[in-house]
Amino acid sequence: KQEVTQIPAALSVPEGENLVLNCSFTDSAIYNLQWFRQDPGKGLTSLLLIQSSQREQTSGRLNASLDKSSGRSTLYIAASQPGDSATYLCAVRIISSGSARQLTFGSGTQLTVLP
Amino acid sequence: DVKVTQSSRYLVKRTGEKVFLECVQDMDHENMFWYRQDPGLGLRLIYFSYDVKMKEKGDIPEGYSVSREKKERFSLILESASTNQTSMYLCASSLGPPPTEAFFGQGTRLTVV
Chain A
1 KQEVTQIPAA LSVPEGENLV LNCSFTDSAI YNLQWFRQDP GKGLTSLLLI
51 QSSQREQTSG RLNASLDKSS GRSTLYIAAS QPGDSATYLC AVRIISSGSA
101 RQLTFGSGTQ LTVLP
Chain B
116 DVKVTQSSRY LVKRTGEKVF LECVQDMDHE NMFWYRQDPG LGLRLIYFSY
166 DVKMKEKGDI PEGYSVSREK KERFSLILES ASTNQTSMYL CASSLGPPPT
216 EAFFGQGTRL TVV
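Protein chains in written order, with this note's numbering: chain A, 1 to 115; chain B, 116 to 228.
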């Protein structure tokens with residue numbers, strides 16, 4: 001069964017720092033990987049989707065990379081701001097009949113950016 | 116922009132009540148999902164649907180059922196609410212196959228007393 005792990009569980013950085021969030025998964029036969037942001041008490045906001053054939057995706061100050069063979073993805077946040085404070089979740093879709101549509105989530109990294 | 120709308124942000128129900136959580140998406144997505152999110156357990160899939168009137172069990176379907184009579188609407192039903200169903204419920208939708216980006220609603224915080 002696919003397992004997704006995110007380390008660290010919590011991270012606190014001063015404003016302006018560049019930071020990296022990590023995601024690892026046990027089954028490399030994935031269809032794609034998606035990064036989300038969740039603010040307290042709210043739903044999930046999609047940040048980036050990386051297909052299995054891609055190595056990275058960029059959106060503004062965010063860059064996500066994917067190394068399928070090693071079962072890892074990273075989310076790089078440049079020049080962090082207090083508004084980036086949230087929980088960041090990664091999720092993967094595995095290639096198997098009937099379940100390619102569903103996501104398996106990591107437990108998230110809670111990020112705090114201090115002013 | 117894709118919009119996934121859940122009918123309630125907060126709900127308080129009594130033990131034994133039948134509870135309906137509604138989710139509507141406006142992007143003609145084939146796939147719709149219901150998750151619950153609990154501290155320390157993360158997001159867990161309850162049910163999903165890949166077409167009208169089609170449904171598949173997720174990881175924790177016990178105590179729940181679903182209904183998808185129209186493509187844009189996916190309902191989660193708690194047949195007889197129990198206190199251990201107090202949770203944040205999240206609905207999502209996506210195109211596919213092939214599976215594409217998933218979009219989530221704002222969540223429903225359900226408290227069963």
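For each residue, glycine too, the CB sits at the ideal point set by N, CA and C.
Could you round the C-beta distance between residue i and residue j to whole angstroms and report it? I think they count as a contact, below 8 angstroms.
i        : j        : result
A:Gln6   : A:Val92  : Incorrect: roughly 12 angstroms between the Cβ atoms, too far for contact.
B:Phe148 : A:Gln102 : 7 angstroms
B:Tyr111 : B:Val181 : Outside the displayed span of chain B (116 to 228) sits residue 111 of chain B, for which this structure offers no information.
A:Val4   : A:Thr104 : 5 angstroms
What are the start and end residues of the beta strand (DSSP E) that includes residue i?
i        : result
A:Pro14  : Ala10 to Pro14
A:Ile50  : Leu44 to Gln51
B:Glu258 : The structure shown does not extend to residue 258 of chain B, since chain B is modelled only from 116 through 228, so no value can be given for it.
B:Glu194 : Counting along the chain, B:Glu194 falls outside any beta strand (DSSP E), and DSSP gives it neither H nor E.
B:Thr201 : Here B:Thr201 belongs to no beta strand (DSSP E), and DSSP marks it neither H nor E.
B:Val167 : Per DSSP, B:Val167 belongs to no beta strand (DSSP E) and is neither H nor E.
B:Thr120 : Val119 to Gln121
A:Ser80  : Note, A:Ser80: premise wrong, no beta strand (DSSP E); not H, not E.
Going by alpha carbons, who is nearest to residue i out of the options?
i        : options                                   : result
B:Val119 : B:Asn146, B:Val127, B:Lys170 and B:Phe135 : B:Asn146
A:Thr58  : A:Leu48, A:Pro14 and A:Ala79              : A:Leu48
A:Asn63  : A:Leu11, A:Thr74 and A:Ser53              : A:Thr74
B:Leu210 : B:Gly222, B:Leu193, B:Lys186 and B:Tyr179 : B:Lys186
B:Ser197 : B:Arg183, B:Tyr204 and B:Gly131           : B:Gly131
A:Leu89  : A:Asn18, A:Phe25, A:Glu15 and A:Val13     : A:Phe25
B:Ser123 : B:Pro214, B:Leu205 and B:Val228           : B:Leu205
A:Ser53  : A:Gly106, A:Ala29 and A:Gln38             : A:Ala29
A:Thr112 : A:Phe105, A:Asp84 and A:Ile94             : A:Asp84
According to DSSP, is residue i part of a helix, a strand, or is it coil?
i        : result
A:Asn18  : coil
B:Gly131 : coil
A:Asp67  : strand
A:Gln2   : coil
B:Gly220 : coil
A:Gln54  : coil
B:Thr226 : strand
A:Val113 : strand
B:Asp153 : strand
A:Ser97  : Its pLDDT being 48, under 50, A:Ser97 is placed unreliably in this model, and the coordinates cannot settle the point.
Using a beta-carbon distance cut-off of less than 8 angstroms, what residues from the stretch 30–54 of chain A approach chain B?
Tyr31, Asn32, Gln34, Phe36, Gly41, Lys42, Gly43, Leu44, Thr45, Ser46 and Leu49
Please list, in chain order, the residues of the stretch 157–169 of chain B that have any C-beta partner in chain A closer than 8 angstroms.
Gly157, Leu158, Leu160, Phe163 and Tyr165
Name the residues in the stretch 169–200 of chain B whose C-beta lies less than 8 angstroms from a C-beta of chain A; which are they?
Glu171 and Gly173
Under 9 angstroms (Cβ pairs) to chain A, residues found in the stretch 198–221 of chain B:
Under the 9 angstroms Cβ criterion, the stretch 198–221 of chain B contributes Met203, Leu205, Cys206, Ala207, Ser209, Gly211, Pro212, Pro213, Pro214, Thr215, Glu216, Ala217, Phe218, Phe219, Gly220 and Gln221.
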